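Colleague: Got a structure here, written out as structure tokens. Questions coming.
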Amino acid sequence: MMNTPTSDPIGAAWLIRYASIELVSPLYVSSSIGGRRQTYKDGDVIHNAYQETARPLDTIIAHLQFHMRHEVLNLELLVRLFEQVGADDVQAWVNAEPTGSYARRMAFLYEWLMGQQLAVPSNLGGNYVDALDAKKQVTSSPAHVIKNARWRINDNLAGTRHFCPQLVKTELFTQAAALDIATMVDKLNDEFGQDLLMRASVWMTLRESKASFTIEGEGKELKRIERFADVMARRTGKGDIPLDPESLAELQQEILGSKTVIQQYGVRQSPVFVSHTQVNGFKEIVHYIAPPADDIAEKLKGLQAFMEKTEGQSALIRSAVASFAFVYIHPLADGNGRVHRFLINDVLRRDQIIHEPIILPISQAIAEHPSDRHAYDKILDRVSVPLMEQIRDHYSFDKQAITYPDGIRSNLNFEDSHLIQPAWRFMDLTPHVQYLSGLIAHVIEKEMHNESQYLRQHDHARLAIKEIIEMPNSYAD
């Protein structure tokens, strides 16, 4: 967060201070009372200083209304606030203003977020209004907006109460989401021709598979690399998107093969965390703990709902959410990273942005240089680091490991997952869209262009040799 005067906060910042809330997701717009009206910008983050005349009343409802009206609604904040203060304030608000749009929106959101019903005033009325401001955040496509007659609200939340990612339409986000991938690929096709681009795609698919294993530290597993390349060639963009338990189990089995320590394919039944062991080998550093196994099914349904409700919107946004949400949910006992990167190409092809047999070498671009791998790790840290800060003292490792039904042995002891449920449910994936946009632009303009150029130069060299002496292509190569 930027260094701006917040000693007299209003809106979300006031609510955070009032309830001593710690957020994992960032506030993209924060507010305070200052000497004069000013706006401070730091990248995507905005801080607005208002004059004294703009100060809300010193109540939860007044600052909630200010947050809804002038800032970007943060669902994680609302859940953490409601967990502490309950329903009384929202109930009193909608009772006092039964036709007010902000009161009705907040009543709807309370029920949606908390899974608890309020009492609907008998004189409730007013025009239908959107739950979220589509000018500020990614919401459901118009065809998937649901009329909520109970509160006279257009339910445009792109997900479910178990998983609904935050995607804020900042200037950088909007530019990133507008990346015209199809036109960029068409330009390659115009420059090199379809035949050469198709040949390059075959090589890039194998390199993509090898790089994906390299990222996981398994770059020498030749048979598994070839198997994954075959899976990508056959399954990308085909059948159902692999987010339900059955299709996930099938995809995982094809990727891993029969030689694996897990006893059953599909959604894991064991805890999982991402870590590395220090050089001395004595201490394991935990980078991320994924949601408990019992939560996975609902979170995957929420991710599926996002994909359904955002049909027709930016394929880049959809591919970023599908892939990065998947890796944070971490639904498998093994193979999460490979499926995560597979989903990028899978969604782009489903949305008809790229066409068979083209596979964008995403993993190759990540693994090529240490700086590229560092950038990838940093984007994963955008959720994992603040999340782990909240639970650093709430997990441990037992002396004895437990064998779980999926065959995985683990000694992780983490019983306080409720502390970070709001962060898992409403994770902020805004920067991940921006990252993927830059990565794909690099992949097309550099990786694919260079591979195609190499093949063209190779063809020219082969022809030059055969002009001197006739021989089979394999000899000339």
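Here full-length UniProt numbering is used: the first residue of the sequence shown is 1, the next is one more, and so on. Beta carbons are placed, not taken as given, at the ideal position from N, Cα and C, and that holds for glycine. Because the structure is a prediction, the values reported are computed rather than measured.
(1) On the CB-based measure, 16 or more other CB atoms within 10 Å of its CB, does LYS223 come out buried or exposed?
(2) Is DSSP giving LEU419 helix, strand or coil here?
(3) Hey, is the stretch 165-184 in contact with the stretch 329-345, meaning 3+ C-beta pairs nearer than 8 angstroms?
(4) SER270 and ILE285: beta carbons closer than 7 angstroms?
(5) Going residue by residue through the stretch 13-100, where are the continuous alpha helix (DSSP H) segments of at least 4 residues, counting only ones entirely within it?
(6) Among ALA103, PRO405, GLN453, which one has its Cα closest to the Cα of GLY125?
(7) What is the rounded straight-line gap between the Cα of LEU23 and the Cα of VAL267?
(8) Count the CB pairs spanning the stretch 104-122 and the stretch 154-165 that are closer than 8 angstroms, and state whether there are at least three.
(9) Can you tell which of ALA401, SER7, PRO361 has the C-alpha that lies nearest to the C-alpha of LEU436?
(10) Could you compute how far the alpha carbon of residue 480 sits from the alpha carbon of PRO245?
(11) Could you have a look at PHE414 and say whether DSSP puts it in helix, strand or coil?
(12) For VAL231, name the three-state secondary structure that DSSP assigns.
(13) Hey, how far is the Cα of LEU300 from the Cα of GLN65?
(14) Report all residues from its chain with a CB closer than 6 angstroms to the CB of ASN123; omit the five preceding and five following residues, and keep chain order.
(15) Quick one: grab the DSSP three-state call for TYR395.
(16) If you draw a straight line from the alpha carbon of ASN413 to that of HIS394, how long is it in whole angstroms?
(17) Taking the Cβ atom as the reference point for each residue, do ALA177 and LEU73 lie within a distance shorter than 7 angstroms?
(18) Looking at C-alpha atoms only, which residue of TYR376, ILE444, GLN390 is the closest neighbour of ILE420?
(19) For the candidate residues ILE262, THR236, HIS162, ARG227, whose alpha-carbon lies nearest to that of ALA297?
(20) Once you ignore the five residues that flank SER417 on each side, which residues in its own chain have a CB closer than 6 angstroms to its CB?
(21) With a cut-off of 8 angstroms, do at least 3 Cβ pairs link the stretch 34-44 to the stretch 69-84?
(22) Does DSSP put LYS147 in a helix, in a strand, or in coil?
(23) Have a look at the DSSP bridge pairing and note the partners of residue 541.
(24) Where do the N-terminal and C-terminal ends of the beta strand (DSSP E) with GLU284 fall, by residue?
Modeller: So, from the data block:
(1) Locating residue 223 in the sequence shown gives position 223, where the first residue counts as 1. So LYS223 counts as exposed.
(2) Residue numbering aside, residue 419 sits at position 419 when the sequence shown is read from its first letter. If DSSP states are grouped into helix, strand and coil, LEU419 belongs with the helices.
(3) no
(4) In the sequence shown, the residue the question calls residue 270 occupies position 270. In the sequence shown, the residue the question calls residue 285 occupies position 285. It is not a contact, given that the beta carbons lie outside the stated cut-off.
(5) 60-70, 75-85, 88-96
(6) On the sequence shown, residue 125 is found 125 positions in, with the first residue counted as 1. Comparing Cα positions, the closest option is ALA103.
(7) Along the sequence shown, read from residue 1 onward, the residue named residue 23 stands at position 23. Along the sequence shown, read from residue 1 onward, the residue named residue 267 stands at position 267. Each residue's alpha carbon lies about 28 angstroms from the other.
(8) yes
(9) In the sequence shown, the residue the question calls residue 436 occupies position 436. Checking every option, the nearest Cα to that of LEU436 belongs to PRO361.
(10) There is no way to answer for residue 480, as the model of the chain reaches only from 1 to 477.
(11) What you label residue 414 is simply residue 414 of the sequence shown in a count that begins at 1. Residue state, collapsed to three classes: coil.
(12) Working through the sequence shown from its first residue, we reach residue 231 at position 231. Three-state result, VAL231: helix.
(13) Here residue 300 is taken as the residue at index 300 of the sequence shown, counted from 1. Here residue 65 is taken as the residue at index 65 of the sequence shown, counted from 1. Rounded to the nearest angstrom, the two C-alpha atoms are 32 angstroms apart.
(14) Working through the sequence shown from its first residue, we reach residue 123 at position 123. The beta carbon of ASN123 lies closer than 6 angstroms to those of PRO98 in the same chain, with the five residues before and after it left out.
(15) Numbered from 1 along the sequence shown, position 395 holds the residue referred to as residue 395. Here TYR395 sits in coil by DSSP.
(16) Locating residue 413 in the sequence shown gives position 413, counting from the first residue. Locating residue 394 in the sequence shown gives position 394, counting from the first residue. Straight-line Cα distance between these residues: approximately 9 angstroms.
(17) Position 177 of the sequence shown, counted from the first residue, corresponds to residue 177. Position 73 of the sequence shown, counted from the first residue, corresponds to residue 73. No, the Cβ-Cβ distance between ALA177 and LEU73 is not below 7 angstroms.
(18) On the sequence shown, residue 420 is found 420 positions in, with the first residue counted as 1. Nearest option by C-alpha distance: GLN390.
(19) Stepping through the sequence shown from its first residue, residue 297 is reached at position 297. Checking every option, the nearest Cα to that of ALA297 belongs to HIS162.
(20) Locating residue 417 in the sequence shown gives position 417, where the first residue counts as 1. Around SER417: PRO292.
(21) Taking 8 angstroms as the limit for Cβ pairs, the verdict is that the stretch 69-84 does not touch the stretch 34-44.
(22) Numbered from its first residue, the sequence shown carries residue 147 at position 147. Correct three-state label for LYS147: strand.
(23) Coverage of the chain is limited to positions 1 through 477, which leaves residue 541 absent and any answer about it impossible.
(24) The sequence position of residue 284 within the sequence shown is 284, counting from 1. 284-289 is the extent of the beta strand (DSSP E) around GLU284.
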